[in-house]
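Written out below as structure tokens is the structure these notes cover.
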Amino acid sequence: DAVCARWSVPVVLVNNAGVDQPPDSGGNRSRIEQLPLEQFRRMVEVNLLGTFQVIQVFGARMVAEGRGSIINIGSLYASVSPDPHFYAHLAGNAPFIKAPAYGASKAGVVNLSKFFATHWAGAGIRVNTLHPNAVFDTGLWTEEVLAQRARHYGMTVEQYKTRNVLKVEVTSRDVAELAAEMCGPLFARTTGAHSIARLPANRVTSVSTIWLGFDALISLPHTCSAFALPLPPFAPLPFPGPGVPAPGPGVS
148 DAVCARWSVP
158 VVLVNNAGVD
168 QPPDSGGNRS
178 RIEQLPLEQF
188 RRMVEVNLLG
198 TFQVIQVFGA
208 RMVAEGRGSI
218 INIGSLYASV
228 SPDPHFYAHL
238 AGNAPFIKAP
248 AYGASKAGVV
258 NLSKFFATHW
268 AGAGIRVNTL
278 HPNAVFDTGL
288 WTEEVLAQRA
298 RHYGMTVEQY
308 KTRNVLKVEV
318 TSRDVAELAA
328 EMCGPLFART
338 TGAHSIARLP
348 ANRVTSVSTI
358 WLGFDALISL
368 PHTCSAFALP
378 LPPFAPLPFP
388 GPGVPAPGPG
398 VS
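Take the position in the sequence shown, starting the count at 1, then add 147; the result is the number in this note's numbering.
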């Protein structure tokens, strides 16, 4: 009520709040079979339940207005598992484990987005997910951690920051600009879709990593968002257009 009274009913919502477990000093770790339940629960409550509650509160106002765009921030780990070998070089009282609740909660956010995209489409509300990956200009990545990771891979810090197929660094501003674009007219016919802010170097062969399939073009959140047909090298995706039929709900 206070937000609406001061700024009127919001038409854009970006759900960015979340918690993660960054590489730490190594003194307070648990093996996966001994991971405290409270640690798992807290991450799910913030990342998933918190996202749900914010959508409820602000989304209800958007529905009453008949317009609005919601962007939920996901993660690459919503669809893939962290590789423990990435962290094997980190010293500590136990091996560092990327929190299992992080990917699980972000996968929940993906489905939550599709749920609201389906149920609120008739009210003119669009709900999409943006998946940042390896964004280094945040508080999670200290100079010490970056230098340590770069050394492990035999790289400079700059090389490590650009370890992706485009060889460019993705910044928090890049993510913010994409989120803003997804709320604008270019994505006005897009709902229930995923967009990734970086193509990882080790996933170049997976078309599904792009996470922008037919549902992003024809606004059918119940169709696939990961388009993984076997394609020859450099073959263009058969996006809907003249003479190209749109896929049905069973495409995967």
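For each residue, glycine too, the CB sits at the ideal point set by N, CA and C.
Neighbour-count burial assignment, residue i, 16 or more Cβ in a 10 Å radius
{"i": "K308", "result": "buried"}
{"i": "V322", "result": "buried"}
{"i": "I217", "result": "buried"}
{"i": "S228", "result": "exposed"}
{"i": "R336", "result": "exposed"}
{"i": "K253", "result": "buried"}
{"i": "L236", "result": "Sequence inspection shows His at residue 236; the Leu mentioned does not correspond to that position. Classification for H236: exposed."}
{"i": "N240", "result": "exposed"}
{"i": "G91", "result": "This structure leaves residue 91 out entirely; the chain is present only between 148 and 399."}
{"i": "T289", "result": "exposed"}
{"i": "S226", "result": "buried"}
{"i": "G267", "result": "Looking at the sequence itself, residue 267 is Trp, so the reference to Gly does not match. Classification of W267: buried, given that the 10 Å Cβ count is 16 or more."}
{"i": "A326", "result": "buried"}
{"i": "T303", "result": "exposed"}
{"i": "V150", "result": "exposed"}
{"i": "V317", "result": "buried"}
Where the alpha helix (DSSP H) through residue i begins and ends
{"i": "L293", "result": "E290 to H299"}
{"i": "T265", "result": "P247 to W267"}
{"i": "S222", "result": "Looking at the DSSP string, S222 is not in any alpha helix (DSSP H), and its letter there is neither H nor E."}
{"i": "R176", "result": "Looking at the DSSP string, R176 is not in any alpha helix (DSSP H), and its letter there is neither H nor E."}
{"i": "F187", "result": "L184 to V191"}
{"i": "S319", "result": "S319 to M329"}
Whether residue i touches residue j by CB criterion (8 angstroms)
{"i": "T285", "j": "G221", "result": "no"}
{"i": "E212", "j": "V156", "result": "yes"}
{"i": "M190", "j": "V210", "result": "no"}
{"i": "L259", "j": "F334", "result": "no"}
{"i": "L287", "j": "P169", "result": "yes"}
{"i": "A281", "j": "V274", "result": "no"}
{"i": "G215", "j": "I179", "result": "no"}
Bridge partner(s) assigned by DSSP for residue i
{"i": "S216", "result": "V159 and R273"}
{"i": "H341", "result": "T276"}
Contact with chain B by residue i, beta-carbon distance below 8 angstroms
{"i": "R189", "result": "In summary, chain B is missing from the structure at hand, where a single protein chain is found."}
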